[in-house]
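Throughout the sequence shown, residue numbering follows this note's numbering, covering 619 to 1006 in sequence. For each residue, glycine too, the CB sits at the ideal point set by N, CA and C. Keep in mind the model is a prediction, meaning the values are calculated, not measured.
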Amino acid sequence: MKPADKKILFLARWYPDRYDPMPGLFIKRHAEAAGSFVSTAVLYLRAISDNSSVFQLDQTTENGVFTVRVYYGTNFSLPAYFSTLLSAIQFIKAIIKGYKLIVRQWGKPTLIHVNVLTRMGIPALWLKLFYGIDYVITEHWSRYLPVTGSYAGFFRKLTTKVVVKQARAVSTVSENLANAMKAHGLRNQNYLLLPNLVDTEVFKPKDQIANEKKRFIHISCFEDRSKNISALLQVLNRLSRKRNDFECLMVGEGIDLQAMKRLASDLNLTSENVIFTGLLEGESLIKSFQSSLFMVMFSNYENMPVVISESFACGLPVIATKVGGIPEVVNDSNGILVKPHDEDALLKAIDYMLDHHQQFDSGKIREQAISFFGKAAVAKKLKELYSI
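Encoded structure:
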């Protein structure tokens, strides 16, 4: 079957507090890119802290993509075993209700595109075995990386192996993640790289906004275990004792935001050098990039942070740690790589970038971002995935 004849159904759960501050954003972008050459729909499932057995179904058409969101309660005041069992039953009911609505309003899919394993792979496997509807997988999650230690559990591992093996193809957002999955015995003869899409028509450079100080930006989910924001603040404290001509925008929110604010205060880092903005979206986020000279992150581990590709789309060089998939896109032409935990190296890199950022070619950085993360480039990769 040719790609143009297919109807692709994206399956996903929402993890807004885990890796995606805007629920389903990465998946939504992929679905819209695929929609340029096939008919696409998205079925999102979202567990909510509610002991109600009532399901809420919302349906919309967003940028040409038929979208159904199913909310279902999972907070049961029962012993753990029974709560887990009831939650699983709720999940099954939710997927059935959402799928039936999709078929009724949009039609029967010819291919399922699973996003984030393992749970969403189970209904895809079921549809393949009993209805002959094949599926592909896109994995975004860093849990397979050795440093996280979060890929565990006999049943999860066994189920994941079966789901991955039965898929027509598996795509990952970095080669590093693909290698980590293979190291866990997740075998499939068709692994493919599929970058997260950046809207390069929105994320783009503008004439540098004049600031009193040299501004750079850090964006994250403010989870210190992975993002190592505390060490970044320690480095900024050392930098502030050396020079006072900079300011760092700390953009985002998360479980450790307040702790990081307290640490900044303890380090005598004031708004003269460090500015906590909270979560920024839309035009406010774009302006924060456009007003900055470069982006910095000092993560202990990563998969492939979308903020790096967004920075590149805005023509900004990046300072980042040599972890996960980051070395696949950051190099001497568009930034500086440092070893994780090496605060001396980070201090040296920021100090250097403040004075030499103009040596990085903003136009070429953006061109490379468009050719790799832009909509046309990602649509081409999706077409390849669906044609396997």
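Just to confirm the assignment, what range does the beta strand (DSSP E) spanning residue i have?
| i | result |
| --- | --- |
| Thr939 | Val936 to Thr939 |
| Lys832 | Lys832 to Ile837 |
| Glu680 | Gln674 to Glu680 |
| Arg631 | Lys625 to Arg631 |
Give a single yes or no on whether residue i has its beta carbon closer than 7 Å to a heavy atom of the ligand ADP.
| i | result |
| --- | --- |
| Ile873 | Although the ligand ADP was asked about, the structure shown includes no ligands whatsoever. |
Helix, strand or coil for residue i per DSSP?
| i | result |
| --- | --- |
| Ile710 | helix |
| Val914 | strand |
| Asp752 | strand |
| Asn733 | strand |
| Ala925 | Looking at the sequence provided, one finds Val at residue 925 rather than Ala. Looking at Val925 - three-state DSSP - the assignment turns out to be helix. |
| Ser1020 | Because residue 1020 is not part of the residues shown, which for the chain are 619 to 1006, the question remains open. |
| Ile1006 | coil |
| Glu961 | helix |
| Ala995 | helix |
| Glu985 | helix |
| Val853 | helix |
| Gly953 | strand |
| Tyr662 | strand |
| Leu810 | strand |
| Ser768 | coil |
| Lys793 | Reading the sequence as shown, one finds Glu at residue 793 and not Lys. Helix, per DSSP. |
| Phe684 | strand |
| Val721 | helix |
| Glu946 | helix |
| Gly691 | strand |
Within a Cβ cutoff of 8 Å, which residues of the same chain sit near residue i, ignoring the five residues on either side of it in sequence?
| i | result |
| --- | --- |
| Leu776 | none |
| His959 | Asn846, Ala849 and Asn918 |
| Leu812 | His648, Thr756, Ser789, Thr790, Val791, Val996, Lys999, Leu1000 and Leu1003 |
| Lys625 | Val656, Ser657, Thr658, Ala659, Trp724, Gly725, Lys726, Pro727, Thr728 and Leu729 |
| Met738 | Leu629, Ala630, Arg631, Leu663 and Val732 |
| Phe894 | Met868, Leu875, Met878, Lys879 and Ala882 |
| Leu763 | Asn794, Leu795, Ala798, Tyr919, Asn921 and Gly942 |
Taking the C-alpha atoms as reference points, what is the distance between residue i and residue j?
| i | j | result |
| --- | --- | --- |
| Tyr690 | Phe700 | 17 Å |
| Tyr970 | Leu857 | 11 Å |
| Phe864 | Ile904 | 20 Å |
| Met868 | Gln784 | 43 Å |
| Leu704 | Thr692 | 7 Å |
| Gly771 | Phe840 | 27 Å |
| Thr736 | Thr702 | 16 Å |
| Leu627 | Ala938 | 35 Å |
| Ile707 | Gly981 | 52 Å |
| Leu898 | Ile837 | 9 Å |
| Arg786 | Asp752 | 7 Å |
| Ala742 | Leu851 | 44 Å |
| Val781 | Lys831 | 52 Å |
| Val721 | Gly642 | 21 Å |
| Ala994 | Thr678 | 25 Å |
| Val892 | Val816 | 27 Å |
| Ser989 | Ser951 | 15 Å |
| Ile944 | Asn808 | 23 Å |
| Ile983 | Val683 | 31 Å |
| Gln986 | Asn814 | 14 Å |
| Leu934 | Lys800 | 33 Å |
| Phe978 | Phe821 | 18 Å |
| His758 | Val765 | 16 Å |
| Lys957 | Gly767 | 20 Å |
| Leu745 | Arg774 | 19 Å |
| Glu901 | Val754 | 34 Å |
| Glu961 | Asn806 | 39 Å |
| Asn681 | Gly653 | 9 Å |
Quick one: what's got a C-beta closer than 7 Å to residue i's C-beta in the same chain, skipping five residues either side?
| i | result |
| --- | --- |
| Glu966 | Note that residue 966 is Lys in the sequence shown here, rather than Glu. Here the set comprises nothing. |
| Gln908 | Pro823, Lys824, Ile827 and Cys932 |
| Ile645 | Phe628, Ala630, Val660 and Asn733 |
| Leu854 | Cys866, Leu887, Asn891 and Val892 |
Going along the chain, which residues of its own chain have a beta-carbon closer than 6 Å to the beta-carbon of residue i, five neighbours each way excluded?
| i | result |
| --- | --- |
| Gln674 | Tyr689 |
| Gly716 | Leu661, Val686 and Val688 |
| Val936 | Met913, Ile926, Ser929, Val948 and Gly953 |
| Leu964 | Val853, Phe916 and Val956 |
| Ile713 | Pro741 |
With a threshold of 8 Å between beta carbons, is residue i in contact with chain C?
| i | result |
| --- | --- |
| Phe773 | Among the protein chains of the structure shown there is no chain C, as only one such chain exists. |
Taking the continuous alpha helix (DSSP H) assigned at residue i, which residues delimit it?
| i | result |
| --- | --- |
| Val780 | Phe772 to Gln784 |
| Asp842 | Asp842 to Lys845 |
Can you list, in chain order, the stretches of the beta strand (DSSP E) that have 3 or more residues and sit fully within the region 863 to 923? 864 to 869 and 892 to 896
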